[in-house]
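Everything below concerns the one structure shown next.
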Amino acid sequence: MDGRYGGSGGDDDRARRAARREDDGPEGGGRPRIELDKRPGGEPYRDAYRDDRDRQGPYRQDPYRRDPYREDRYRDDRYRHAGNGRISRADYVPSGLSPWRHIWLHPRLVARDFLYSADPLRNALLLALIAGCFTALNTASTRNWGDDMSTGGLIASVVIVGLIGGLLTYYLGAWLLKVVGGWLGGVASTSEMRIISGRIQGMLSIMVGLFWIPELLIAGKENFTLLTPVLDANLTRSLLYFGVSMLELAGSVWSGILILHATGEIHGFSAWKALLMYVIVTIIGMLIAFILIFLVIMIVGTVITGFSL
17 MDGRYGGSGG DDDRARRAAR REDDGPEGGG RPRIELDKRP GGEPYRDAYR
67 DDRDRQGPYR QDPYRRDPYR EDRYRDDRYR HAGNGRISRA DYVPSGLSPW
117 RHIWLHPRLV ARDFLYSADP LRNALLLALI AGCFTALNTA STRNWGDDMS
167 TGGLIASVVI VGLIGGLLTY YLGAWLLKVV GGWLGGVAST SEMRIISGRI
217 QGMLSIMVGL FWIPELLIAG KENFTLLTPV LDANLTRSLL YFGVSMLELA
267 GSVWSGILIL HATGEIHGFS AWKALLMYVI VTIIGMLIAF ILIFLVIMIV
317 GTVITGFSL
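Pasting the structure below:
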């Protein structure tokens, strides 16, 4: 009986196929051949994709497969992200990094470890309160509180203002970050944003705030006054104070960049979008402060007018 397209008989075809399997099969050190369909004239169809795979050898890759390492080579993580930019808990792998040391280089990994830890808000409120006191120290220095206050009054004011500011940042700030971040496509909740307003900002503020120790030793109360006669009289002390201040400024700027990356990780978007979010939050905060001050002035004015009558 003739073959399918006018070739040799079926018995001869079966014999040739059996011989190929014996020569090229696993027992013969090769791999099984793949029988290709043939055109009516006996010429086999050409499978370009299969030929390309054969040329690549045993370590071939699917050319249409996405390469996560190539895609994420500039990312500060080792994992493929979900559609919204934040990996799921099922795909999370602990980094094993020390938060206090590695926050300076790997903010996204540290923020992710906090997010998926057993206690995401551990010591978050305490860190926020301490950070608020350091922020109050900076405010007292820039506004020269020492010109109108004694040392005791200055310390009390810094503590009171710092604690109030820390509470507002921890609760109200986290809520604003959640709301405005949601407008920009963020996925974090208010509780998750407290990781930023409490733990991340708290750690960075405390570490940068350590520069206050040498500044207080060098300048003392002149850190909080407009005139600095003792500091100006000593060139060495002035240069040393200037150097420490520059280091503090550099640490503050870098901390701000790290906070943007950490916020972007929690919300599931980029650091640039986090920057836009903070700009909007700042504008909203200024509007809220203006409205509150206006209401207080109106209420106080009404009360004074009532007593005068």
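Each residue of the sequence shown is one higher than the last, beginning at 17 in our numbering. Quick reminder that beta carbons are idealized off the backbone N, C-alpha and C, glycines included.
Beta-carbon proximity of residue i to residue j, cut-off 9 angstroms
i	j	result
Leu226	Leu274	no
Leu247	Ile234	yes
Ile146	Gly197	no
Thr207	Leu276	Note that residue 207 is Ser in the sequence shown, not Thr. Not in contact: Ser207 and Leu276 (Cβ atoms no closer than 9 angstroms).
Ser296	Trp199	First, the residue type needs correcting, since residue 296 is Ile and not Ser in the sequence shown. Yes, Cβ-Cβ distance for Ile296 and Trp199 is below 9 angstroms.
Gly280	Arg124	yes
Leu113	Val126	yes
Phe130	Gly202	no
Gly214	Ala190	yes
Ala278	Ile103	no
Alpha carbon of residue i to alpha carbon of residue j, nearest angstrom
i	j	result
Asp135	Val312	39 angstroms
Phe306	Tyr187	19 angstroms
Leu232	Arg128	36 angstroms
Leu121	Tyr108	19 angstroms
Leu183	Ser254	35 angstroms
Other residues of its chain near residue i: CB distance less than 8 angstroms, five sequence neighbours each side excluded
i	result
Leu170	Ala156, Trp161, Gly162, Lys237, Phe240
Phe150	Gly178, Ser221, Ile222, Val224, Gly225, Trp228
Gly73	At Gly73 the pLDDT is 49, less than 50, meaning the model places this residue with poor confidence; the figure from the coordinates comes in the next sentence. If we look at Gly73 and ignore the five residues flanking it on each side, it has no Cβ neighbours.
Leu291	Leu276
Asn154	none
Exposure label - residue i; buried when at least 16 CB within 10 Å
i	result
Ala249	exposed
Val224	buried
Ile282	buried
Thr185	buried
Gly322	exposed
Met262	exposed
Leu192	buried
Arg210	buried
Gly317	exposed
Own chain partners of residue i with C-beta closer than 7 angstroms, once the 5 adjacent residues on each side are dropped
i	result
Ala152	Val174, Val177, Gly178, Gly181
Leu256	Ile234
Pro110	Asp129
Ala204	Lys194, Gly197, Ile282, His283
Gly148	Gly178, Leu179, Gly181, Gly182, Thr185
Glu264	Val224, Phe227
Neighbourhood of residue i by C-beta distance below 6 angstroms, restricted to the same chain and skipping five residues each side
i	result
Gly267	Val224
Review point. Are at least three pairs of beta-carbons, each pair with one atom in the region 207-218 and one in the region 292-305, less than 8 angstroms apart?
Key: no
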